[in-house]
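Chains G and S, in that order, are what the protein sequence lines are. The first sequence lines up with residues 1 to 363 when you count with our numbering. The second sequence lines up with residues 1001 to 1507 when you count with our numbering. Note that the Cβ used here is the ideal one computed from N, Cα and C, for glycine as well. Note that the structure is a prediction, hence the values are computed from the model and not measured.
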Amino acid sequence: MEADPALSRLINQVQVAASDRVPLDIRGGGSKAFYGGEPVGEPLDVAPLAGISSYEPSELVVTVRAGTRLSELEAALAEKGQCLPFEPPRFGASGTVGGMVAAGLAGPARAAVGGVRDYVLGATMINGRAELLSFGGQVIKNVAGYDVSRVLAGSMGIFGVICEVSLKVLPMPPASVTLRLEMDAGNAIRRLNEWGGQPLPLNASAWWDGMLVLRLSGAVAAVQAAHDKIGGELIAPAAALPFWQGLRDHSDEFFVGASRAVDGGAALWRLSVPATAGPLKLSGEQLLEWGGAQRWICTSAPAQTLRDAAAAVGGHAVLFRARDKTAGTFAPLKPALAAVHQKLKQAFDPERIFNPGRLVPGL
Amino acid sequence: MNAPAAAITLAAPSSQARSAERAARQAEVVAALSPLLPGHALLWHGEDTVPYECDGLTAYRQLPLLVALPETEAQVAAVLKACHALQVPVVARGAGTGLSGGAMPHPLGVTLSLAKFNKIVMIDRLARTATVQCGVRNLAISEAAAPFGLYYAPDPSSQIACTIGGNVAENSGGVHCLKYGLTLHNVLRVRGFTATGEPIEFGSEALDVPGLDLLPLVVGSEGMLAVTTEVTVKLVPKPALARCIMASFDDIRKAGDAVAAVIAAGIIPAGLEMMDKPMTAAVEDFVHAGYDLTAEAILLCESDGTPEEVAEEIDRMLDVLSGCGATRLEVSRDEQQRLTFWSGRKNAFPASGRISPDYMCMDSTIPRKRLADILLAIAEMEKKYGLKCCNVFHAGDGNLHPLILFDANDPDQMHRCELFGADILETSVAMGGTVTGEHGVGVEKLSSMCVQFSPAEREQMFAIKRAFDSAELLNPGKVIPTLQRCAEYGKMHVKKGLLPFAELERF
């Protein structure tokens, strides 16, 4: 393969930044700039490093440069009847594959199919010494050395510039139906967990305002049998598709309302908790996803209230969208883990140039 | 304090001096650990430590300085603290079934056997999780979950004996990985201790954690980053039904193409395995399952799920396989016959043990489309090294298990076998694959790691190791080869990924 000039430029820019100790703000499409700590530093534009490097549907693997638009990748996969099963959110059209991996966010199917890191097979990156390194590979089973590529998922770019990733992809399920059942949050959580223990093709769930919406995906016969068993009112595909997309991309009613509230000074919180945790007694409307394991709350309550509520049931609270982000995106780390974070940062980025503060304050 | 291991090697003192030094070091460590453990939990007399001299890779053996068998987490922490204070290497060990020497002792180190951590702490039926101590056997988790209609999906062939702690260390696979994932995809939380004896937890019972997701680093780290004591795993509903297709092919290439065609048709089989003709002959002689001995390759293709789902999928699979030129197709009638189909595949290793004094099992992975190419390359290598090789593959994930047959009592055969094995691994890397799919690097594949990773990549891995374990005391010398070792090995690193640059390789 010919050297990509966009890659050489990135390496040069990192080299200069490292020797001058100038912080870099790694940017793809900028669609997730709102998430995590405030971006600071000289922009490092990854968007020019774009294009699908290789895609072989029968290998279930695609290798793609980080600046490639997520929409372009998804269109190429759809042409071959395949998809990214974890449904990464698209906050606008400009989102890139590198940003998807760095942010590590997944959509409605997360609980059923796994998250971003479960689909990362390999990555090529530039570390803080401006070295181009490749970890993992293009095969599904690979235990050669430490699995660095998967740790990049959700790292918010603090280890370096993600240049190219290999992702596992899957065929789109042959059948999918969406059902609606009326019930309260407590019952929804209980039933979702009970269904989870049975061989049912449950792919996504959402509960809001007394209504549980389920998506079943899989073989035609399995989906039909599960629908018969679960019951509920069938939602027509023409309404179901935009519903799940709205949930995935935060463009549906709940999130639009949340956005307005955030503009008015409230905060959108994402609580990641064990799926069996009962309804959390917090002020503000709650949207439940992931079989009960993800709960969205828009509230003006103090950060500590949310953090305590999540910690009490074994989870954690993420400050997802807010104008005032002084509380930090994540709950403070336990000392032993905080020490590992610091040392790993040092191991990849000794001059501390990449995305300072995006993941954790002081990192 | 005595000199560390590296200094001893470099100084190359006489074996007598070395043995005196070792005895002094042993006395020192025994004195430090004795107050921390009950008397029976510390072994250092030669005959007591012999059972620990190797793991499943029996060709490489080393007696440890001593073996500690703690019974509580407090004891694990105390042993680690004491070893850290004395700068003694620590090699954690589960059931010792690993196939790459990951648990091979360090000559001046403590082998930390976690065999006594064998309790199932909790099965949470509603949450579909099991929390177990690290020494619980893989199969024991599924047995404990069975009354709830649940099981633990990853099923390495050693599952009757191997422990979950070892599975976490190796990121173990099995025959159902394609559909159900590896250990990493089925583990929620790992609790353990750092090299300095501090408690640490990775992951949680929620689906993500604040900050970095470090589980992918810890799972598969071969005991080099932390010592695992407790694991929470996901349990999944047991499928109502599983059926298996046995397909014969008169040509290796057609069988390889059939594997790709099944996947390309949008089917993710529960298992997709391949055996070549010599392997089929060896296992048929062992299990008498009625395998087609005239076939050049046999595929086992399994579907699981609800009866409706399985019927639908089996029909689609049969269409694809016959379209790819299968010469014989048989679908298991019942569970008994399904298990018979699998019996040969599951007994490939013992069957090889019957036809040869020894065998060396390789574990590389290649892109599925190169299955036929690698088989033909291995056939050429058989001639080159003058040794026979039987092949079983986790074909669905391109993971090869060539079994090289040799006699370990013949040093020349042993040497040729090592060269043969390295050739398979390095050919796999050149085909776009990896030196190990599920068995780990351990000591066995250290040299081949020089071919897969550049000096800068290896140095980055060392830096990660030091971020967790600054004194490099946890399972040192495994997984990542030193610059010096790679220089001595003398083979070029194969470029991969985006890397278009002429790297300045000096080794």
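Using only alpha-carbon positions, find the residue among the options that is nearest to residue i.
{"i": "residue 1481 of chain S", "options": "S:1453, S:1305, S:1066, S:1274", "result": "S:1453"}
{"i": "residue 1405 of chain S", "options": "S:1421, S:1395, S:1396", "result": "S:1421"}
{"i": "residue 4 of chain G", "options": "G:17, G:66, G:29, G:34", "result": "G:66"}
{"i": "residue 164 of chain G", "options": "G:191, G:186, G:124, G:148", "result": "G:124"}
{"i": "residue 47 of chain G", "options": "G:285, G:53, G:97, G:202", "result": "G:97"}
{"i": "residue 272 of chain G", "options": "G:318, G:350, G:235", "result": "G:318"}
{"i": "residue 1469 of chain S", "options": "S:1035, S:1080, S:1040", "result": "S:1080"}
{"i": "residue 314 of chain G", "options": "G:116, G:181, G:278", "result": "G:278"}
{"i": "residue 264 of chain G", "options": "G:208, G:68, G:253, G:324", "result": "G:324"}
{"i": "residue 335 of chain G", "options": "S:1064, S:1418, S:1194, S:1494", "result": "S:1194"}
{"i": "residue 6 of chain G", "options": "G:20, G:168, G:16, G:44", "result": "G:44"}
{"i": "residue 996 of chain S", "options": "G:259, G:225, G:155, G:222", "result": "Residue 996 of chain S is absent from the model: chain S starts at 1001 and stops at 1507."}
{"i": "residue 1313 of chain S", "options": "S:1296, S:1227, S:1331, S:1326", "result": "S:1331"}
{"i": "residue 1362 of chain S", "options": "S:1354, S:1380, S:1316, S:1419", "result": "S:1419"}
{"i": "residue 1364 of chain S", "options": "S:1392, S:1353, S:1349, S:1385", "result": "S:1392"}
{"i": "residue 1436 of chain S", "options": "S:1335, S:1173, S:1214, S:1324", "result": "S:1173"}
{"i": "residue 1458 of chain S", "options": "G:131, G:93, G:152", "result": "G:131"}
{"i": "residue 1153 of chain S", "options": "S:1093, S:1239, S:1229, S:1028", "result": "S:1239"}
{"i": "residue 198 of chain G", "options": "S:1138, S:1348, S:1083, S:1151", "result": "S:1151"}
{"i": "residue 171 of chain G", "options": "S:1171, S:1163, S:1261", "result": "S:1261"}
Using the rule of at least 16 other Cβ atoms within 10 Å of the residue's Cβ for burial, across every protein chain shown, is residue i buried or exposed?
{"i": "residue 344 of chain G", "result": "buried"}
{"i": "residue 1396 of chain S", "result": "buried"}
{"i": "residue 1055 of chain S", "result": "buried"}
{"i": "residue 1155 of chain S", "result": "buried"}
{"i": "residue 1465 of chain S", "result": "buried"}
{"i": "residue 210 of chain G", "result": "exposed"}
{"i": "residue 133 of chain G", "result": "buried"}
{"i": "residue 1519 of chain S", "result": "With chain S running from 1001 to 1507 in the structure shown, residue 1519 of chain S is simply not present."}
{"i": "residue 1015 of chain S", "result": "exposed"}
{"i": "residue 1409 of chain S", "result": "exposed"}
{"i": "residue 1104 of chain S", "result": "buried"}
{"i": "residue 140 of chain G", "result": "buried"}
{"i": "residue 1207 of chain S", "result": "buried"}
{"i": "residue 1413 of chain S", "result": "buried"}
{"i": "residue 127 of chain G", "result": "buried"}
So what does residue i bridge to, in DSSP terms?
{"i": "residue 54 of chain G", "result": "G:63"}
{"i": "residue 1276 of chain S", "result": "S:1297"}
{"i": "residue 1271 of chain S", "result": "S:1302"}
{"i": "residue 182 of chain G", "result": "G:211"}
{"i": "residue 1343 of chain S", "result": "Paired residue(s): none; residue 1343 of chain S is not in a bridge."}
{"i": "residue 1201 of chain S", "result": "S:1191"}
{"i": "residue 1447 of chain S", "result": "Looking at the DSSP assignment, residue 1447 of chain S forms no beta bridge with any residue, so it has no partner."}
{"i": "residue 1312 of chain S", "result": "Beta-bridge pairing links residue 1312 of chain S to no other residue."}
{"i": "residue 195 of chain G", "result": "Bridge partners of residue 195 of chain G: none, in fact."}
{"i": "residue 355 of chain G", "result": "Residue 355 of chain G pairs with nothing; no bridge assigned."}
{"i": "residue 1336 of chain S", "result": "Answer is none; residue 1336 of chain S lacks a bridge partner."}
{"i": "residue 1133 of chain S", "result": "S:1230"}
{"i": "residue 1454 of chain S", "result": "Residue 1454 of chain S pairs with nothing; no bridge assigned."}
{"i": "residue 1249 of chain S", "result": "S:1297"}
{"i": "residue 342 of chain G", "result": "Beta-bridge pairing links residue 342 of chain G to no other residue."}
{"i": "residue 1360 of chain S", "result": "S:1404"}
{"i": "residue 1124 of chain S", "result": "S:1129"}
Write down the C-beta distance between residue i and residue j rounded to the nearest angstrom, noting that I regard them as a contact closer than 8 Å.
{"i": "residue 1205 of chain S", "j": "residue 1188 of chain S", "result": "6 Å"}
{"i": "residue 1338 of chain S", "j": "residue 1243 of chain S", "result": "6 Å"}
{"i": "residue 188 of chain G", "j": "residue 288 of chain G", "result": "7 Å"}
Members of the stretch 1171-1184 of chain S that neighbour chain G once the beta carbon cut-off is set at 8 Å: 1171, 1173, 1177, 1178, 1181, 1182, 1184
Interface residues of the stretch 1091-1125 of chain S facing chain G [CB-CB below 8 Å]: 1124, 1125
Interface positions of the stretch 305-326 of chain G facing chain S (Cβ-Cβ less than 7 Å), listed along the chain: 314, 315, 316
Residues, ordered as in the chain, of the stretch 263-289 of chain G that lie near chain S by beta-carbon distance below 9 Å: 271, 272, 273, 274, 275, 276, 277
Short-range partners of chain G found in the stretch 1389-1413 of chain S, where Cβ spacing is below 8 Å: 1394, 1397, 1398, 1399
Residues of the stretch 123-134 of chain G whose Cβ lies closer than 9 Å to any Cβ of chain S, in chain order: 123, 124, 127, 129, 131, 132, 133, 134
Selection of the stretch 48-76 of chain G by Cβ proximity to chain S, strictly under 9 Å: 49, 53, 56, 57, 58, 59, 60, 61, 63, 65
Chain G contacts made by the stretch 1199-1213 of chain S, where a contact means CB separation under 9 Å: 1199, 1200, 1201, 1202, 1204, 1205, 1206, 1207, 1208, 1209, 1210, 1211, 1212, 1213
Chain G contacts from the stretch 1359-1384 of chain S (Cβ-Cβ distance under 8 Å): 1365, 1366, 1367, 1368, 1369
Interface positions of the stretch 327-339 of chain G facing chain S (Cβ-Cβ less than 7 Å), listed along the chain: 330, 331, 333, 336, 337
Cβ-based contacts, 7 Å cut-off: residues of the stretch 1423-1452 of chain S near chain G: 1432, 1433, 1434, 1435, 1436, 1437, 1438, 1440, 1441, 1449, 1452
Interface positions of the stretch 196-221 of chain G facing chain S (Cβ-Cβ less than 9 Å), listed along the chain: 196, 197, 198, 199, 200, 201, 218, 219, 220, 221
Interface residues of the stretch 93-122 of chain G facing chain S [CB-CB below 8 Å]: 104, 110, 111, 114, 115, 117, 118, 122
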